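Trainee: Residue numbers (my numbering): 1 to 328.
The beta-carbon is built from N, C-alpha and C at its ideal position, and this holds for glycine as well.
For clarity, every value in this text was computed on a predicted model and none was experimentally measured.
1. Could you give the uninterrupted runs of the alpha helix (DSSP H) lying entirely in the stretch 39–71, keeping only those of 4 residues or more?
2. When you compare only the Cα positions, how much space is there between residue 34 and residue 304?
3. Could you check whether the stretch 232–249 touches the stretch 53–66, counting it as contact only if at least three pairs of C-beta atoms, one from each stretch, sit closer than 8 Å?
4. Might you give, ordered along the chain, the residues of its own chain that have their beta carbon closer than 6 Å to the beta carbon of residue 121, omitting 5 neighbours on each side?
5. Helix, strand or coil for residue 187, going by three-state DSSP, please let me know.
6. Roughly how many angstroms separate the alpha carbons of residue 184 and residue 203, rounded to a whole number?
7. Rounding to the nearest angstrom, what Cα-Cα distance links residue 29 and residue 197 in this structure?
8. Compute the distance between the beta-carbons of residue 86 and residue 306, then report whether it is under 8 Å.
9. Let me know the secondary structure DSSP gives residue 263 once reduced to three states.
10. Say the cut is 7 Å; is the CB of residue 77 nearer than that to a heavy atom of the ligand SAH?
11. In whole angstroms, give me the CA-to-CA distance for residue 258 and residue 284.
12. Compute the distance between the beta-carbons of residue 278 and residue 18, then report whether it is under 8 Å.
13. Note down the Cα distance separating residue 273 from residue 302, rounded to an integer number of angstroms.
14. Just the C-alpha distance for residue 318 and residue 52, rounded to the nearest angstrom, thanks.
15. Take the Cβ of residue 110 as the centre, count every other Cβ of all protein chains shown within 10 Å, and call the residue buried at 16 or more, exposed below.
16. Can you check whether the CB of residue 175 is closer than 8 Å to the CB of residue 114?
17. In the DSSP assignment, find the alpha helix (DSSP H) that holds residue 270 and state where it starts and stops.
18. Using C-beta distances below 6 Å, list every residue in its chain close to residue 268, excluding the 5 sequence neighbours before and after it, in chain order.
19. Need the endpoints of the alpha helix (DSSP H) that residue 31 sits in, please.
20. When we look at the beta-carbon of residue 263 and count the other beta-carbons within 10 Å, is it buried (16 or more) or exposed?
21. Does the separation of the CB atoms of residue 299 and residue 61 fall below 8 Å?
22. Pull up the distance between the alpha-carbon of residue 22 and that of residue 281, whole angstroms please.
23. What are the boundary residues of the alpha helix (DSSP H) that residue 215 is part of?
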């Protein structure tokens, strides 16, 4: 016997579930878009005015740290390229710095080795200029350093080589898979004319693909426009429900991350809430500045230690030369 089943009610139920998920996705997209276009620019301007003293102090200390690190790096570089030790390297670095004429050839060769391929000032080799710069945050990557306030977020963390070797192939394959899914929806050759929103998502997807940023690609995929459902069979509709649920979870995770930033819903705060948030921002900036000051002091102490050893070495050297002059 052939039993005919009316799929109409089941289809309506699945379509209703899909529409509910899509509505929730739209609300998440609106929240993210509001943060990007309204709250974030306003927050940047507010911090630049309210925390200008701490931001300027941070910038000056980072400049100082960069200079100290450069000196130490040059001294240690000389010691690694033909100079016997740090003490003698400090002496010759000082001579080079004051442009002394009598620099031995082997010292000049070592100095050339040190200066070849040296990073430009803008990179600052470990003291990044963008942590609390004019922008303080950009979506996701800069969101971590974004509010320019969290010490733990601004710490530069490098994974171990073992972990990089383990995770890279899997992450690389995943970012390619995500990009292909996005391309099927947003590539101009496949999707035809794109709206302004779709075009911006496509540009973001290309940047994220170049950077192999899986999280951003997942978020972009979740923000892609959805296709219609009239021509789909029931199993395909159920597949869309699963996909929409996954996308909603991705967007909600992104929002949870953004909600931890001081810029989240900034324009909706009243005066008292802004005052409270300002205290938190200034407190965290003060902690960061304090950490930079301690780092600068440690670098200064290291240079002073090497300089003191160099001075003792010079005294011994002069004493030995004096004895030779007297015929001892």
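Mentor: On the basis of the data shown:
1. 40–50
2. By one-based count along the chain shown, residue 34 stands at place 34. By one-based count along the chain shown, residue 304 stands at place 304. Their backbone Cα atoms lie some 51 Å apart in a straight line.
3. no
4. As a first step, residue 121 must be located in the chain shown, where it is residue number 121. Confidence at residue 121 is low in this model, with a pLDDT of 46, below 50, so its placement is unreliable and no value can be given for it.
5. On the chain shown, position 187 is the one that residue 187 refers to. Reduced to three states, the DSSP call for residue 187 is coil.
6. On the chain shown, residue 184 is found 184 positions in, with the first residue counted as 1. On the chain shown, residue 203 is found 203 positions in, with the first residue counted as 1. Straight-line Cα distance between these residues: approximately 14 Å.
7. On the chain shown, position 29 is the one that residue 29 refers to. On the chain shown, position 197 is the one that residue 197 refers to. About 11 Å.
8. Within the chain shown, the letter at position 86 stands for residue 86. Within the chain shown, the letter at position 306 stands for residue 306. Yes; because the gap between Cβ atoms is below 8 Å, this pair is in contact.
9. The residue given as residue 263 occupies position 263 in the chain shown. Residue state, collapsed to three classes: coil.
10. Judged by which ligands are present, the structure shown has none, so any question about the ligand SAH falls away.
11. Position 258 of the chain shown, counted from the first residue, corresponds to residue 258. Position 284 of the chain shown, counted from the first residue, corresponds to residue 284. Distance between the alpha carbons of residue 258 and residue 284 is about 17 Å.
12. The residue you call residue 278 lines up with position 278 of the chain shown. The residue you call residue 18 lines up with position 18 of the chain shown. In this structure, residue 18 does not lie closer than 8 Å to residue 278 by Cβ.
13. The residue you call residue 273 lines up with position 273 of the chain shown. The residue you call residue 302 lines up with position 302 of the chain shown. Going from the Cα of residue 273 to the Cα of residue 302 covers about 44 Å.
14. Within the chain shown, the letter at position 318 stands for residue 318. Within the chain shown, the letter at position 52 stands for residue 52. Cα to Cα, the separation comes out at about 51 Å.
15. If you number the chain shown from 1, residue 110 lands on position 110. Burial call: buried.
16. Taking the first residue of the chain shown as position 1, residue 114 is located at position 114. Taking the first residue of the chain shown as position 1, residue 175 is located at position 175. Cβ distance not < 8 Å, so residue 114 and residue 175 don't count as in contact.
17. Locating residue 270 in the chain shown gives position 270, where the first residue counts as 1. Per DSSP, residue 270 belongs to no alpha helix (DSSP H) and is neither H nor E.
18. Counted from its first residue, the chain shown places residue 268 at position 268. Here the set comprises nothing.
19. One-based indexing of the chain shown puts residue 31 at position 31. Run containing residue 31: 8–34, per the alpha helix (DSSP H) assignment.
20. Against the chain shown, residue 263 aligns to sequence position 263. Residue 263 comes out buried.
21. Reading the chain shown from its first residue, position 299 is the one you call residue 299. Reading the chain shown from its first residue, position 61 is the one you call residue 61. No, the pair does not count as a contact, with Cβ atoms beyond the cut-off.
22. Position 22 of the chain shown holds residue 22. Position 281 of the chain shown holds residue 281. If you take the alpha carbons of residue 22 and residue 281, they lie about 36 Å apart.
23. Position 215 of the chain shown, counted from the start, is the residue given in the question as residue 215. Where residue 215 is concerned, the enclosing alpha helix (DSSP H) stretches over 214–223.
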